[in-house]
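Q: The listed protein sequences correspond, in order, to chains A and B. With numbering that gives the first Met the number 0, letter number 509 in the first sequence gets 508, and the count goes up by one each step, no holes. With numbering that gives the first Met the number 0, letter number 36 in the second sequence gets 35, and the count goes up by one each step, no holes.
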Amino acid sequence: MLPAGHDDPFAQFKVTFFEECAELLADMEQHLADLESGSYETETLHAIFRAVHSIKAGASAFSFARLVEFSHKFEFLLDELRDGKLAVEPDLVETLFRGFDVLSDLIGFSQNGEIVEGSYGQDALDQIERFLAGNGGAGNGSSKNGSAEDDQGLATVAAAASASVDAGEAAVEKDNSKHFRIEFTPHEAMYRHANEPLLIIRELKDLGRTETTIDISRLPSLQALEPEDAYFSWVFDLWTTHEREDIDEVFEFVIDDCDLTIVTLDSTDEVVSVDVSPCRVDADEDDGFGFFVDVSAVSAGTVSAIEVPKEEKPAAAAAESPAASPSPAVSVPAAPPAGSAQAGGSAASAVKAASIRVDVDRVDRLVNMVGELVITQSMLAQEIELGAQMSADRVGTGMDELSMHIRELQENVMSIRMQPVKSVFSRMPRIVRDVSKKLGKKVRLVTVGEDTEVDKTVIEELADPLTHMIRNSLDHGLETPDERREAGKAEEGTIRLSAEHRGGRIVIEIIDDGRGINREKVLSLAKEKGVISADAQLSDNEIDNLIFAPGFSTAEEVTDLSGRGVGMDVVRRNIQSLGGRVSVQSFPGKGTRFRLMLPLTLAVLDGMIVGVADQKYVVPINSIIETVRPPKKDVEMLVGGGSVIRIRGDYIRVLPISQVFGLEGGECDPSKGLVVLAETEGGRAVGLLVDALAGQQQVVIKSLETNFKAVEGIASATILGDGSVCFILDIDGLSKMKIPEEKLENRRVVAGKKQTNQNDNIAAGVAAE
Amino acid sequence: MAEDKATDQDVPQGFDPSLIGLEQTGTDDKDAASGKMVQFVSFKVDDSEYGVDIMAVREIQGWVKVTTLPNTPEHVRGVLNLRGIIVPIFDLRCRFGNGLTEATELHVMIIIAVGDRIMGLLVDAVSDILTVNTDEILPVPQIDSGGDQRFLAGLITVQERMVALLEIEKLFSIDDLVAQVTSAAE
């Protein structure tokens, strides 16, 4: 239970284990959601079972006792479910979800080396136990043979766990050792549950000297034999200095899959059996573990010895705690000071996975491509070696091929980082489920386009904003069932979460069919809170977008779900930091649509290269609305030197880049240059006056701040084909910059415009912090 | 590189302001007597000669056209693509208040590492590599007017010529300061 320290030789494997756990949990969550929605197959149940089983197996390899203990119980419940002994019903699914929570928390604790409270997850265990108890017999029904068949007996073993085993101390002195008799009758299904008696027998052998008797009476004829069933049962006589708990531990994993009796014999019994039994097998001498002992040779002495302790059994069993309360296991670390282990919810803060899983296909393609590159390169080298005789034609072809391969290579390398958004989307059903329950709303979540791929970094950053927006829709957007009925809608609200590729970006939409944004309320609140000035005139769309302003909350009461109105502001900031945009569109009484537009990757950007004076700049394509060459009549000069252009009835501010950047020789008259209309974060357009468009190109983003510092109006840098550095313009930054002549700009252009500017500046100013 | 870094940090300590105090205590100081040898790359700006710690120098490159940065102080000549890294280039002559360098192919950029950052200094020419004992580094006399002495860590005499050792860390931080002032003035 130690944290994975630097000296831990298994640290590397643990990392792998936790990565796997994360994947398994994600799968499991998805399957659980399917289970809940009722759209599941038997395979779904199997998949959940496998996930838990894999986690258990890994956990036991690293001795995460709590995790093992819990996953074991959980697995058992799932097994019942899988075998059809339990029906999938809401209560059970609830339990499974709770179990899932505990499981992921326990994994989180194990990963961080945190100490778990002894009682943690007890409620989930109790629930699981209740279901198992309700089913009765807990899987015992299938095998009625064997002598020691009682649930109590099973429970005794379940209750045990100990960390004090030292298997190295196998050398046992007969004098001070205790004598245990263990009757072990596996159920038929043991092998199918991935348990292997041989391993158990070996472990027993490690505890001390054993004598083993095998009972093969259950073995059917060859025709009737099910190769996957377990037919043998064993009786072990064990002389060991170890405690009873250690023996229990050996059987820890199989207790639900077998009938097991462990009794302590006193020394007199011991003497008898040792001397008499002809089928005594010294474990050190015989690795057959009694498999090959002639059953008929079992002596009367041994048999009678089995009979004797049987009467002691109930007492031994009763002494142990019943199955219903799994022990606060010995191996569990001491209870931490209150509050150090946050029960529930802490799984969310899981460490970000530093590795990615890539399709072998993609890697193969890469390898292929590198091969092609090498071939082309050697072809070119050969050709160039010819010197004067080289054929310009062939070199040209070679270069073409080379550039094609490199382009493909780039695309493929990028695609390695691409992951389906499923990993984020799959968390949402859970949130919808929990939150809607809490709010007493009926909600159906529809997800579309989960396989849309986007860069890994984007995905990681997407989870938080998306969660928040979903919560927001649940809390503020959707009405309660009563309200919905009154409004003539179906009681069950719908939230549609969709992802799709659109023009080199990913568009994620969250659409609810709720009440929409209450514009009057938003407006009055915004005025009240000073987000906008009292006499502001805003369009509907502008009002809707006010919910992204900082310090804004329209909920009648502040709930713990949607936070305190800082949420949407943070969402917008998060999205913007990813180079994306978020907008909202509301249809009163019908619903609200949030739309996120994100770049597919953060490393490469599609840019329009523009020329200004003797410089070139890159304008991100995704923020360009259009490029116009405004006729003179549409250009209006403002008092003070600024200018606006009129486009489709709207006035748009024009920023001459050459003036803003203090370049000489650039065009300053909008009617003579080109105006690139670009969208700012507030959805407002700004016109960038440039001299020329120099073409469209994918550019690799390089930070300017690594070696220098941020420069106003410049987002980052890139390197053009000729090796020169070129700057990528920061549209939002630019829109806030002043040109010297503009200092006295007349603010009374158009009243509405002025207000918009102010609002956006306020919002933008905070976002920039 | 790791070893370089270690030395990097050692050397400035050898001739930092503390050196002034060290010099005043006289030569009987044990450390001073056994001062270690340090190396500097010396270069010319106008008629003056300057030196920077050799361990900070990453490479030396002839002048190529750089991309100018808008709205930055004049001495920020722009940025250079150094094998995929964006490196800002500072005009030392301009930094010292003697006007812009009319850069030609014969001018030289000394690429140096300051902390985690890489930057380039535009100078007229690189002249030599100097190996001196830290004892030979003399303090910069206090002069009231002008602040450029703050960039200097010490002075050494090489063949009757004075070489001023640059304190690149300071040069950089003051750059920052100036930039802030400039932008604030706007």
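Idealized CB from N, CA, C, for every residue including glycine.
Among A/VAL689, A/VAL653 and A/VAL643, which has the Cα closest to the Cα of A/GLY665?
A: Comparing C-alpha distances from A/GLY665 to each of A/VAL689, A/VAL653 and A/VAL643 shows the shortest one belongs to A/VAL689.
Q: How do the stretch 452-463 of chain A and the stretch 567-581 of chain A stand: do at least 3 beta-carbon pairs fall below 8 Å, yes or no?
A: yes
Q: If you follow the beta strand (DSSP E) that A/LYS615 is in, where does it begin and where does it stop?
A: For A/LYS615, the enclosing beta strand (DSSP E) begins and ends at 614-619.
Q: I'd like to confirm the pairing. Which residues does DSSP put opposite B/ILE84 in its beta bridges?
A: Answer is B/LEU81, bridged to B/ILE84.
Q: Quick one, are the C-beta atoms of A/LEU438 and A/ASP481 less than 8 Å apart?
A: no
Q: List, in order along the chain, the chain A residues whose C-beta lies closer than 9 Å to that of B/ILE187?
A: Coverage of chain B is limited to positions 0 through 185, which leaves residue 187 of chain B absent and any answer about it impossible.
Q: A/LYS13 to A/PHE61, Cα distance in whole Å?
A: 8 Å
Q: Quick one: what does DSSP say A/MET27 is sitting in, helix, strand or coil?
A: helix
Q: Suppose contacts are defined by Cβ-Cβ distances below 8 Å. Is A/PRO494 in contact with A/SER472 by that definition?
A: Looking at the sequence shown, residue 494 of chain A is not Pro but Ile. Result yes, Cβ atoms of A/ILE494 and A/SER472 sit closer than 8 Å.
Q: Take the Cβ of A/HIS178 as the centre, count every other Cβ of all protein chains shown within 10 Å, and call the residue buried at 16 or more, exposed below.
A: buried
Q: I'd like to know if B/LEU68 contacts chain A, where contact means its C-beta is closer than 8 Å to some C-beta of that chain.
A: yes
Q: Between the alpha carbons of A/LYS488 and A/VAL445, how many angstroms are there, rounded?
A: 17 Å
Q: Alpha carbon to alpha carbon, what distance is there between A/SER538 and A/GLU635?
A: The straight-line gap from Cα to Cα measures roughly 24 Å.
Q: State buried or exposed for A/ASN540, treating a residue as buried only when at least 16 other CB atoms are found within 10 Å of its CB.
A: exposed
Q: Starting from the beta carbon of A/GLY590, find every residue of chain B whose beta carbon is closer than 7 Å, and list them in chain order.
A: The contacting residues do not exist; A/GLY590 stays about 45 Å from chain B at best.
Q: Whose Cβ in chain A lies nearer than 8 Å to the Cβ of B/ASN80?
A: ILE718, GLY722, SER723 and VAL724
Q: Show which residues of chain A have a CB atom less than 8 Å away from the CB atom of B/GLY98.
A: Near B/GLY98 there are no residues of chain A at all, since even the closest Cβ is about 18 Å away, more than 8 Å.
Q: Got a sec: is the Cβ-Cβ distance from B/VAL86 to anything in chain A below 8 Å?
A: yes
Q: For A/VAL362, does the three-state DSSP call read helix, strand or coil?
A: Helix.
Q: Can you check DSSP and say which residues form a bridge with A/CYS257?
A: A/PRO185
Q: Mapping DSSP to helix, strand and coil, what is A/MET403?
A: A/MET403 falls in the helix class under three-state DSSP.
Q: If we call anything under 8 Å between Cβ atoms a contact, is A/LEU798 one with A/PHE183?
A: The displayed coordinates of chain A run from 0 to 768. Any statement about residue 798 of chain A would go beyond what the structure contains.
Q: So, with DSSP's three-state summary, where would you put A/ARG432?
A: helix
Q: Quick check on the burial criterion: 16 or more other C-beta atoms within 10 angstroms. Buried or exposed for B/GLY105?
A: Going by the sequence as given, residue 105 of chain B is Leu instead of Gly. Classification for B/LEU105: exposed.
Q: Run down chain B in chain order and give the residues with a C-beta less than 8 Å from the C-beta of A/VAL710.
A: Chain B residues near A/VAL710: LEU68, PRO69, ASN70 and THR71.
Q: Name the two residues that bound the continuous beta strand (DSSP E) containing B/ILE59.
A: 56-61
Q: Would you say B/GLY83 faces chain A, with C-beta separation under 8 Å as the test?
A: yes
Q: Between which two residues does the alpha helix (DSSP H) harbouring A/ALA60 extend?
A: Membership of A/ALA60 in the alpha helix (DSSP H) is indicated by the continuous run 41-60.
Q: Taking a contact to mean a Cβ-Cβ separation below 8 Å, would you say B/ILE59 touches B/GLN38 in this structure?
A: no
Q: Can you give the Cα-Cα distance for A/ALA333 and A/SER118, rounded to whole angstroms?
A: Confidence in A/ALA333 is poor, its pLDDT being 37 and thus under 50, which makes the residue's placement unreliable; the coordinate value appears in the next sentence. Using only the alpha carbons, I get a separation of about 11 Å.
Q: At the 8 Å Cβ level, is A/GLY732 part of the contact set with chain B, yes or no?
A: No, its Cβ sits nowhere closer than 8 Å to a Cβ of chain B.
Q: Indicate whether at least one CB of chain B lies closer than 8 Å to the CB of A/PHE99.
A: For A/PHE99, the answer is no, since every Cβ of chain B falls outside 8 Å of its Cβ.
Q: Have a look at B/MET118, B/LEU151 and B/LYS64 and flag the residue whose alpha-carbon is nearest the alpha-carbon of A/LYS708.
A: B/MET118
Q: Taking A/LYS735 as the query, report the chain B residues whose CB atoms sit under 8 Å from its CB, ordered along the chain.
A: Result: empty, since nearest Cβ-Cβ is about 13 Å, beyond 8 Å.
Q: Output the distance between the C-alpha atoms of B/ALA102 and A/PRO629, rounded to the nearest integer angstrom.
A: 40 Å
Q: With burial defined as no fewer than 16 other Cβ atoms inside 10 Å of the residue's Cβ, what is the status of A/PHE9: buried or exposed?
A: Of the other Cβ atoms in all chains shown, fewer than 16 fall within 10 Å of the Cβ of A/PHE9; this residue is therefore exposed.
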